[in-house]
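To keep things clear, I will list the structure first and then write my remarks on it.
There are 2 protein chains.
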Amino acid sequence: MSIPSPGKRELGLLKALLTRGGRKRSGCCRCEGLRAVEELLDRKKELVEFIVATPKAVSMINRELPNLRLLSDEELAEYSDTLNSQGIIAVAKIPEFPDSPVSGNFILALDLLNDPGNFGTIARTYRAIGGCELWYTKGSVDPWCDKAIRSGMGAQFALNVRKFDDLPTLCDNAEKAGYPTVYIADPHKGESCFKAKGLFDKSVLVIGGEANGVSMFPENAKSVMIPMPGNYESLNAAQAATVLLLESVRRSTEYI
Amino acid sequence: MSIPSPGKRELGLLKALLTRGGRKRSGCCRCEGLRAVEELLDRKKELVEFIVATPKAVSMINRELPNLRLLSDEELAEYSDTLNSQGIIAVAKIPEFPDSPVSGNFILALDLLNDPGNFGTIARTYRAIGGCELWYTKGSVDPWCDKAIRSGMGAQFALNVRKFDDLPTLCDNAEKAGYPTVYIADPHKGESCFKAKGLFDKSVLVIGGEANGVSMFPENAKSVMIPMPGNYESLNAAQAATVLLLESVRRSTEYI
Numbered sequence: 001m002s003i004p005s006p007g008k009r010e011l012g013l014l015k016a017l018l019t020r021g022g023r024k025r026s027g028c029c030r031c032e033g034l035r036a037v038e039e040l041l042d043r044k045k046e047l048v049e050f051i052v053a054t055p056k057a058v059s060m061i062n063r064e065l066p067n068l069r070l071l072s073d074e075e076l077a078e079y080s081d082t083l084n085s086q087g088i089i090a091v092a093k094i095p096e097f098p099d100s101p102v103s104g105n106f107i108l109a110l111d112l113l114n115d116p117g118n119f120g121t122i123a124r125t126y127r128a129i130g131g132c133e134l135w136y137t138k139g140s141v142d143p144w145c146d147k148a149i150r151s152g153m154g155a156q157f158a159l160n161v162r163k164f165d166d167l168p169t170l171c172d173n174a175e176k177a178g179y180p181t182v183y184i185a186d187p188h189k190g191e192s193c194f195k196a197k198g199l200f201d202k203s204v205l206v207i208g209g210e211a212n213g214v215s216m217f218p219e220n221a222k223s224v225m226i227p228m229p230g231n232y233e234s235l236n237a238a239q240a241a242t243v244l245l246l247e248s249v250r251r252s253t254e255y256i
Numbered sequence: 001m002s003i004p005s006p007g008k009r010e011l012g013l014l015k016a017l018l019t020r021g022g023r024k025r026s027g028c029c030r031c032e033g034l035r036a037v038e039e040l041l042d043r044k045k046e047l048v049e050f051i052v053a054t055p056k057a058v059s060m061i062n063r064e065l066p067n068l069r070l071l072s073d074e075e076l077a078e079y080s081d082t083l084n085s086q087g088i089i090a091v092a093k094i095p096e097f098p099d100s101p102v103s104g105n106f107i108l109a110l111d112l113l114n115d116p117g118n119f120g121t122i123a124r125t126y127r128a129i130g131g132c133e134l135w136y137t138k139g140s141v142d143p144w145c146d147k148a149i150r151s152g153m154g155a156q157f158a159l160n161v162r163k164f165d166d167l168p169t170l171c172d173n174a175e176k177a178g179y180p181t182v183y184i185a186d187p188h189k190g191e192s193c194f195k196a197k198g199l200f201d202k203s204v205l206v207i208g209g210e211a212n213g214v215s216m217f218p219e220n221a222k223s224v225m226i227p228m229p230g231n232y233e234s235l236n237a238a239q240a241a242t243v244l245l246l247e248s249v250r251r252s253t254e255y256i
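If you read the sequences in order, they're chains A and B.
Heads up: the first sequence runs through residues 1 to 256, numbered per the numbering used here.
Heads up: the second sequence runs through residues 1 to 256, numbered per the numbering used here.
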């Protein structure tokens with residue numbers, strides 16, 4: 001059986017999904033790259049609409065690819081959003097708001113985070129330390145945009161990604177789910193992240209946007225800071241998140 | 001006294017310094033952005049050859065700018081290497097191999113690190129935690145290229161950046177300087193970075209390249225690993241470096 005080429009509608013969708021409007025109209029997103037597509041297939045295979053790939057990419061991924069369409073290297077490069085395409089793009093439905101219960105020791109929340117690369121990097125690290133709940137506020141970058149999925153290597157598909165209108169609504173929902181404590185990462189003030197006792201104990205850990213930090217400071221929230229002896233520029237959002245997330249690993253492995 | 005425009009030779013140099021060849025021929029580098037230029041002026045003012053800036057950038061930096069040349073926004077954008085230029089680029093001599101003695105608790109070494117953004121981010125974090133000695137091997141990206149200096153926000157000018165032919169030579173020099181222990185960051189094996197006892201005790205901490213890790217495994221070196229319970233893709237080089245560097249902060253502030 002020969003593998004078909006993509007149809008006109010499918011090629012149009014590949015381009016349309018590079019815009020927020022295109023994603024909204026279709027309810028779909030693009031997932032580009034070998035690792036990202038594998039993650040999608042491992043975790044949310046039922047969402048896949050179709051996959052376009054070059055013969056070389058097909059041979060590298062070595063597993064069944066649902067609704068596969070073949071393209072030549074040159075054709076695929078036209079639809080890729082990267083300079084060095086890995087020759088494979090899946091189109092998938094954007095997951096709905098998860099109906100599974102909230103789980104894990106803490107919730108990671110991103111408030112008005114603007115950069116898709118940072119969003120993806122944070123998702124990837126959170127996934128790598130075994131995290132579950134990635135929450136974010138309206139006004140943040142779209143976690144389902146092409147760049148965020150590529151940077152995240154598809155980690156979004158392995159997490160419970162939940163969107164809320166604003167930070168108070170997010171914190172309310174966390175409290176109802178049994179996560180009453182809120183910690184806000186702050187570059188300049190608060191308790192040291194290496195000392196704050198309840199930091200990962202049924203809490204919400206909030207990382208603010210690159211430019212202006214969090215949108216507001218919820219009542220009863222506490223500040224937590226990464227100590228920086230060099231007295232210099234603070235870490236960027238993705239690096240700060242990495243330090244905090246790995247601190248949770250350090251604590252959980254401390255007595256092992 | 002009116003501020004002159006840059007001459008033809010200076011404009012030529014601005015473009016030439018975007019290439020490795022141009023930097024080698026002139027012994028100079030470009031330092032773009034407000035923070036990077038401030039760091040250069042704070043730490044290595046004597047290296048500045050000239051500075052081109054827009055009137056707006058000059059008003060924002062609010063300090064004396066040696067050998068200042070004015071350009072309009074449009075003219076400067078032509079020489080900028082970024083999409084959103086901050087309107088200021090300094091041309092400076094590349095610092096020579098430092099003749100100051102090696103200092104600090106540990107040496108951070110980058111072996112065949114390829115990405116200028118990673119090199120800069122690591123330099124910036126290392127500077128931010130109060131580090132001194134940033135060593136690297138031949139075959140790594142040039143720490144004095146435009147993008148590495150921008151990503152580092154000029155942190156390179158605040159550090160003792162030392163280049164060696166290869167990892168064994170680097171380790172030999174470290175040992176002679178009183179840093180006999182070598183730790184290699186490894187994504188998969190070795191002692192946990194949260195437990196390795198002598199990790200920052202007169203040691204060399206080596207981060208390998210993005211694609212293939214370190215070039216070789218020196219005799220007597222030990223592996224150190226960042227534990228990742230998610231059993232997934234490892235952290236990228238810059239994130240891994242951030243975790244290790246902040247672990248040094250955590251230990252030094254543990255009893256404060």
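Note that CB positions come from ideal geometry on N, CA and C, so glycine has one too.
Predicted model, so just to flag it, every value in this text is computed and none were measured.
If you check the beta carbons only, do residue i and residue j fall under 8 Å apart?
i, j, result
"residue 150(A)", "residue 33(A)", "yes"
"residue 170(A)", "residue 95(A)", "no"
"residue 237(A)", "residue 125(A)", "no"
"residue 147(B)", "residue 92(B)", "no"
"residue 253(B)", "residue 192(A)", "yes"
Relative to the C-alpha of residue i, which candidate in the options has its C-alpha closest?
i, options, result
"residue 53(A)", "65(A), 46(A), 47(A) and 43(A)", "65(A)"
"residue 222(A)", "27(A), 228(A), 186(A) and 173(A)", "186(A)"
"residue 111(B)", "69(B), 29(B), 89(B) and 217(B)", "217(B)"
"residue 129(B)", "158(B), 138(B), 146(B) and 113(B)", "158(B)"
"residue 12(B)", "76(B), 56(B) and 35(B)", "76(B)"
"residue 245(B)", "25(B), 82(B) and 133(B)", "133(B)"
"residue 205(B)", "122(B), 153(B), 6(B) and 78(B)", "122(B)"
"residue 168(B)", "42(B), 214(B), 7(B) and 118(B)", "214(B)"
"residue 211(A)", "102(A), 114(A) and 19(A)", "114(A)"
"residue 153(B)", "90(B), 49(B), 78(B) and 9(B)", "90(B)"
"residue 230(B)", "207(A), 231(A), 83(A) and 131(A)", "131(A)"
"residue 39(B)", "25(B), 63(B) and 224(B)", "63(B)"
"residue 56(B)", "78(B), 207(B), 85(B) and 50(B)", "85(B)"
"residue 5(B)", "37(B), 118(B), 50(B) and 183(B)", "50(B)"
"residue 136(A)", "72(A), 209(A), 8(A) and 189(A)", "209(A)"
"residue 35(B)", "14(B), 119(B), 25(B) and 61(B)", "61(B)"
"residue 207(A)", "250(A), 190(A) and 109(A)", "109(A)"
Which residues in chain A have a C-beta closer than 8 Å to the C-beta of residue i? List them in chain order.
i, result
"residue 239(B)", "121, 125, 238, 239 and 242"
"residue 235(B)", "125, 128 and 242"
Going by beta carbon distance, what residues of the same chain come within less than 6 Å of residue i, once the five residues before and after it are set aside?
i, result
"residue 200(B)", "105, 106 and 248"
"residue 181(A)", "198 and 203"
"residue 3(A)", "68 and 70"
"residue 118(B)", "237 and 238"
"residue 103(B)", "132"
Nearest-angstrom Cα distance between residue i and residue j?
i, j, result
"residue 172(A)", "residue 179(A)", "9 Å"
"residue 22(B)", "residue 141(B)", "15 Å"
"residue 80(A)", "residue 87(A)", "8 Å"
"residue 16(A)", "residue 116(A)", "18 Å"
"residue 74(A)", "residue 177(B)", "53 Å"
"residue 219(A)", "residue 175(A)", "13 Å"
"residue 27(B)", "residue 58(B)", "26 Å"
"residue 99(B)", "residue 161(B)", "11 Å"
"residue 183(A)", "residue 194(B)", "23 Å"
"residue 25(B)", "residue 101(B)", "28 Å"
"residue 196(A)", "residue 189(A)", "13 Å"
"residue 37(B)", "residue 10(B)", "17 Å"
Which chain A residues are close to residue i, counting only those with a beta carbon under 7 Å from its beta carbon?
i, result
"residue 130(B)", "229 and 230"
"residue 192(B)", "253"
Take residue i and list the residues in its own chain whose beta-carbon comes closer than 8 Å to its own, dropping the five residues that flank it on each side.
i, result
"residue 144(B)", "23, 29, 94 and 156"
"residue 235(B)", "187, 226, 228 and 243"
"residue 138(A)", "163, 164, 165 and 166"
"residue 97(A)", "162 and 163"
"residue 14(B)", "6, 30, 52, 79, 89 and 91"
In chain B, which residues lie with their C-beta within 8 Å of the C-beta of residue i?
i, result
"residue 161(A)", "In chain order: nothing, as chain B lies at least about 16 Å away."
Name, please, each residue of chain A whose Cβ falls closer than 9 Å to the Cβ of residue i.
i, result
"residue 226(B)", "246 and 249"
Leaving out five residues on either side along the sequence, give the residues of the same chain with a beta carbon under 7 Å from the beta carbon of residue i.
i, result
"residue 72(B)", "54"
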